[in-house]
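Here is the structure we will look at, set down as structure tokens.
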Amino acid sequence: MKFQSCATVLYALGKHKDKLYEKDLEVNSPYNTYLVKGLPVGPISSP
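Each residue of the sequence shown is one higher than the last, beginning at 764 in my numbering.
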């Protein structure tokens, strides 16, 4: 099952956006939970 979290996509993009578009969900990253099944490979937004 895919987690599909917007927060992981924003982390993968490396910048904050007020709105995500469909093209944003296609970013190639192991943190993109719209493309990768399961949880991200590591923590996001962790100091």
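Using N, Cα and C, we set each Cβ at its ideal position, and we do this for glycine too.
- Take the alpha-carbon of glutamine 767 and the one of lysine 786: they are about 14 Å apart.
- With fewer than 16 other beta carbons inside 10 angstroms of its own, tyrosine 784 counts as exposed.
- Judged by beta-carbon spacing, proline 806 lies beyond the 8 Å limit of tyrosine 794, meaning their Cβ atoms are not closer than that value.
- Between valine 790 and valine 772, the beta carbon gap of about 6 Å places them in contact (Cβ cut-off 8 Å).
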